[in-house]
Amino acid sequence: MSVQPSRTAEAGRTGDAKPSPVDAGHPPDAAARVPQGLPTQAPSALVEARALSKIFDVSPPWLTRVIERRPRQLLRAVDGVSFTICRGETLALVGESGCGKSTVARLLVGLHAPSAGSVFFNGEPLGAASRSQQVARRQRIQMIFQDPYASLNPRWTVREIVAEPLRAAVRSGRPGVLSGTAAINRKVEDLLAQVGLSAADGAKYPHQFSGGQRQRISIARALASEPEFLVCDEPTSALDVSVQAQVLNLMKDLQTRQSLTYLFISHNLAVVHHVSDRIGVMYLGRLVELAPKRALFREPRHPYTRMLIDSIPDLAADGRIRTPVAGEVPNPLAAPPGCTFHPRCPLASERCRRERPVLKPPANAEEVLVACHAIEEKRG
Ligand SMILES: Nc1ncnc2c1ncn2[C@@H]1O[C@H](COP(=O)(O)OP(=O)(O)O)[C@@H](O)[C@H]1O
Ligand code: SF4
Ligand SMILES: [Mg+2]
């Protein structure tokens, strides 16, 4: 697969954990269960995440644990997340740093194996296919990373970088791909033109470009294998504000022209407002609200969504009564019981401290899903 992970992303991280003790409190079939209100497979769904979970083993080394009598430490980065993305749609995932957005992205492109749950692409589970089928399918799914410099090989020219997915497709024997240097060079020039770069840029190296141009190179590389689905993990967060809008507009333009489907990840709701059709709000590894963009900005329901929207100055001036929430995201290794948002929530009740809310549609809003007792009890 031509997805190149950021060189910085995994630094200092520990291994994946097999689902075990942390799952103890969950019923055995929890992984296969889809939260109430979610269709298992929308007719036009291209991508479906079904009860996706990821647990990382962040324990100290075995000897240290034995000497210091410390238990294993398992971090539940993603916890039963389900959603579908329809063809041509942009689903955005938002939430503060550490809430599991990038882990979801990596699960969707196959860079992490799920601890539980599954990803379906075109109705078929991602993992269950022969090696060659998986390679072919994964060329249809590409990822764009936050730091375009770290994800581009500094020793390769832009032409080599953009051509690599094409060469990989030739190597994998995918039918109908270009072959021959001249044809590949023409295709690379075409891809560079599509992202607003010139043919002459192909001979340069990544360090000769600005941040915005480097992200354009990443986009050209991602488009080379003619993907249907692009996972964009904070693609503009490292860019200056003025450049962000240009890259976002380019991405929207390409989506229309090439019928692309996007999962767009950002911690910034203002950016998400610009690009998305639907928005999923994540908190400590779980989806707490999933709604069409207009519904979410017109009437944010979950107290955490309200807090995020209240923090955007331009969008906050609508006369709605504000529910400012203080505090920080808790340590994921010691997540609060019940609703994990309760220590920060102005609407928290005794029930919130013991019972975890389930994602379900509130009254009179079937296209919205929200996980909140106060909303269910009509006191939010
Ligand atoms: N490879 C890994 N090993 C251990 N912990 C990880 C790994 N990747 C992510 N995490 C942890 O999982 C949680 C979610 O991380 P991440 O998905 O990167 O969140 P976000 O993208 O929303 O900032 C964080 O607590 C992070 O430290
Ligand atoms: S379930 Fe309770 S604590 Fe959680 S967001 Fe709703 S009201 Fe707040
Ligand atoms: Mg991230």
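Going letter by letter, the sequence shown gives residues 945 to 1324 in the working numbering.
Glycine included, each C-beta is placed from N, C-alpha and C at the ideal position.
Buried or exposed for residue i, please, with buried defined as at least 16 other CB atoms from any protein chain shown within 10 angstroms of its CB.
i: Leu1277; result: exposed
i: Val1185; result: exposed
i: Gly1271; result: exposed
i: Pro1281; result: exposed
i: Lys1326; result: No statement about residue 1326 is possible, as the shown extent of the chain runs from 945 to 1324 and does not include it.
i: Ala1021; result: buried
i: Leu982; result: Legend: pLDDT at Leu982 = 45, less than 50; position of this residue unreliable, value from coordinates given subsequently. The residue is buried, with at least 16 neighbouring Cβ atoms inside 10 Å.
i: Arg1298; result: exposed
i: Ile1011; result: exposed
i: Leu1291; result: buried
i: Arg1130; result: exposed
i: Gly1044; result: buried
i: Pro1109; result: buried
i: Ala1060; result: buried
i: Pro1058; result: buried
i: Ser988; result: exposed
i: Glu1294; result: exposed
How about residue i and residue j: are their beta carbons less than 8 angstroms apart?
i: Lys1196; j: Val1215; result: no
i: Asn1097; j: Leu990; result: no
i: Arg1158; j: Pro1150; result: yes
i: Phe1173; j: Thr1200; result: no
i: Met1228; j: Thr1284; result: Sequence check: residue 1228 is Leu here, not Met. Cβ distance < 8 angstroms, so Leu1228 and Thr1284 count as in contact.
i: Phe1208; j: Cys1176; result: yes
i: Ile1085; j: Pro1005; result: no
i: Ile1319; j: Arg1250; result: no
i: Leu1167; j: Leu1136; result: no
i: Ser1169; j: Ala1113; result: yes
i: Ser1062; j: Ser1116; result: no
i: Arg1099; j: Val1132; result: no
i: Ala1309; j: Ala1239; result: yes
i: Arg1230; j: Asp1001; result: no
i: Leu1213; j: Leu1252; result: yes
Kindly give me the distance between the Cβ atoms of residue i and residue j, rounded to whole angstroms, as I take these residues to be in contact under 8 angstroms.
i: Gly1155; j: Ala1182; result: 6 angstroms
i: Val1038; j: Ser1210; result: 6 angstroms
i: Val1314; j: Leu1303; result: 7 angstroms
i: Pro1247; j: Gly1146; result: With 8 angstroms as the limit, Pro1247 and Gly1146 do not qualify as a contact, their Cβ atoms being about 50 angstroms apart.
i: Arg1165; j: Val1232; result: Arg1165 to Val1232, Cβ: 34 angstroms. No contact.
i: Pro1305; j: Cys1316; result: Their Cβ separation, rounded to whole angstroms, is 12 angstroms, which puts Pro1305 and Cys1316 out of contact at 8 angstroms.
i: Ala1036; j: Ile1163; result: Wrong, their Cβ atoms sit about 17 angstroms apart, outside the cutoff.
i: Glu1040; j: Val1225; result: No, Glu1040 and Val1225 are not in contact; Cβ-Cβ is about 10 angstroms, not under 8 angstroms.
i: Thr1028; j: Glu992; result: 5 angstroms
Of all Cβ atoms in chain C, is any one closer than 8 angstroms to the Cβ of residue i?
i: Thr1047; result: Considering every chain present, this structure includes no chain C. It has just one protein chain.
Does the contact criterion of 3 or more C-beta pairs under 8 angstroms hold for the segment 1086–1104 versus the segment 1020–1032? Taking one beta carbon from each stretch, the segment 1086–1104 and the segment 1020–1032 have fewer than 3 pairs nearer than 8 angstroms; the two do not touch.
Is the number of C-beta pairs between the segment 1049–1062 and the segment 989–1007 that are closer than 8 angstroms three or more? yes
Listed by chain order, which residues have C-beta atoms less than 5 angstroms from any heavy atom of ligand 2? Pro1247, Cys1283, Phe1285, His1286, Cys1289, Leu1291, Ala1292, Cys1296, Pro1301, Cys1316, His1317 and Ala1318
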